[in-house]
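Shown next, in structure tokens, is the structure this report addresses.
In the working numbering, the protein residues as written are 33 to 205.
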């Protein structure tokens, strides 16, 4: 049986494509760019400094491994790797997570630093929408409201399909 994985209090097991001893990675409900994924420690803690040395090591070793895969899988030129560590930094889910985004020179019309406001905007309403989504559906996961009309939420089936595809890159390990 597959171990349930929680992102804060939310079950994200069906979005998972990678697992290590202390971390896992999920596909994003509303990716900023194709291939935008999150790498998350299994233990729910709000801040990077709350993790043990082993958890930090596992988390960032996972980030490096996943970065190589998503950069290649999405034919990117580089990666943006970001941690919003605390509410003042734009973190809205009180569970450490690392954004890994495969990047191209043409992203954001060539204005590649525009990724940072997009990350902050993407996090700004997430907790309220996750709570609202689950309460509307008696605890069942469903699509979240759109906080940015340009970034539509994906269906659970679309996320499962992407997670299954990405998991194949790690099957040989």
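Beta carbons: idealized from backbone N, C-alpha and C, even for Gly.
Taking the C-alpha atoms as reference points, what is the distance between residue i and residue j?
i: residue 38; j: residue 184; result: 23 Å
i: residue 145; j: residue 46; result: 31 Å
i: residue 149; j: residue 121; result: 11 Å
i: residue 202; j: residue 50; result: 7 Å
i: residue 77; j: residue 40; result: 8 Å
i: residue 88; j: residue 130; result: 11 Å
i: residue 34; j: residue 119; result: 32 Å
i: residue 103; j: residue 63; result: 15 Å
i: residue 186; j: residue 143; result: 25 Å
i: residue 123; j: residue 80; result: 11 Å
i: residue 98; j: residue 126; result: 22 Å
i: residue 189; j: residue 48; result: 13 Å
i: residue 86; j: residue 193; result: 31 Å
i: residue 107; j: residue 138; result: 12 Å
Given a cut-off of 8 Å on the beta-carbon distance, is the pair residue i and residue j in contact?
i: residue 75; j: residue 110; result: no
i: residue 54; j: residue 128; result: no
i: residue 191; j: residue 59; result: yes
i: residue 140; j: residue 147; result: yes
i: residue 105; j: residue 198; result: yes
Looking at the structure shown, is residue i part of a helix, part of a strand, or coil, going by DSSP?
i: residue 57; result: strand
i: residue 114; result: strand
i: residue 65; result: coil
i: residue 73; result: strand
i: residue 39; result: strand
i: residue 134; result: strand
i: residue 45; result: helix
Should the region 59 to 75 be called in touch with the region 91 to 104, which here means at least 3 C-beta pairs below 8 Å? yes
Can we say the region 115 to 128 touches the region 57 to 69, given the rule of at least three CB pairs closer than 8 Å? no
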